[in-house]
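*Asks:* Please find one structure pasted underneath; my questions will follow.
Numbering (UniProt numbering), first residue to last: 1 to 141.
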């Protein structure tokens with residue numbers, strides 16, 4: 001223990017960076033547990049689509065969407081996301097919605113905004129479109 005304290009006092013910047021990383025790791029883990037937005041796997045997503053007619057909402061840019069998207073997915077434009085304009089989706093407030101982005105990171109913010117706007121069953125695809133493609137599932141162009 002004395003060596004650890006001596007190392008930290010001799011390398012304050014390195015110890016500070018290490019501490020910041022540990023705090024960020026703990027924060028990301030805890031925030032994921034207490035978040036109202038649930039992450040779903042590719043398998044869970046296919047079950048939601050097939051059993052509950054879930055709506056797939058793709059938040060990627062238009063070129064990425066045209067290059068390949070999940071069959072039946074609807075694209076939401078970046079300006080609608082920025083303005084939190086979900087009026088086109090009002091009829092789906094009580095239907096499961098799965099928000100998809102490229103890697104699963106930016107979709108969480110959109111899903112949180114939708115939850116605040118009154119959508120009750122909003123999920124995020126864990127790993128985003130990358131996970132869907134890696135699972136070898138169909139992509140429409």
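Glycine is no exception: its CB is placed at the ideal position from the N, C-alpha and C atoms.
I need the straight-line Cα distance from residue 33 to residue 60, nearest angstrom please.
*Replies:* Straight-line Cα distance between these residues: approximately 25 angstroms.
*Asks:* Going by other Cβ atoms of all chains shown within 10 Å of its Cβ, with 16 needed for buried, is residue 69 buried or exposed?
*Replies:* Buried is the call here.
*Asks:* With distance defined between alpha-carbon atoms, name the residue in 86, 125 and 127 nearest to residue 116.
*Replies:* For the residues 86, 125 and 127, the minimum Cα distance to residue 116 belongs to 86.
*Asks:* Taking DSSP as the reference, what is the three-state secondary structure of residue 13?
*Replies:* Residue 13: helix per DSSP, three-state reduction.
*Asks:* Kindly indicate if chain C contains any beta-carbon less than 8 angstroms away from that of residue 51.
*Replies:* The structure shown contains no chain C; it is built from a single protein chain.
*Asks:* Compute the distance between the beta-carbons of residue 81 and residue 110, then report whether it is under 8 angstroms.
*Replies:* Yes, the pair counts as a contact, with Cβ atoms nearer than the cut-off.
*Asks:* First and last residue of the beta strand (DSSP E) that includes residue 38?
*Replies:* From DSSP, the beta strand (DSSP E) with residue 38 extends over 38-40.
*Asks:* Could you check whether residue 37 and residue 122 sit closer than 8 angstroms to each other, using their CB atoms as the reference points?
*Replies:* Yes.
*Asks:* Between the alpha carbons of residue 108 and residue 125, how many angstroms are there, rounded?
*Replies:* Whole-angstrom Cα-Cα distance: 9 angstroms.
*Asks:* Ordered along the chain, which non-local residues of its own chain (more than five positions away) have a Cβ less than 6 angstroms from that of residue 52?
*Replies:* Contacts found: 96.
*Asks:* Measure the Cβ-Cβ separation of residue 102 and residue 130 and say whether it is below 8 angstroms.
*Replies:* A contact, by the Cβ cut-off of 8 angstroms.
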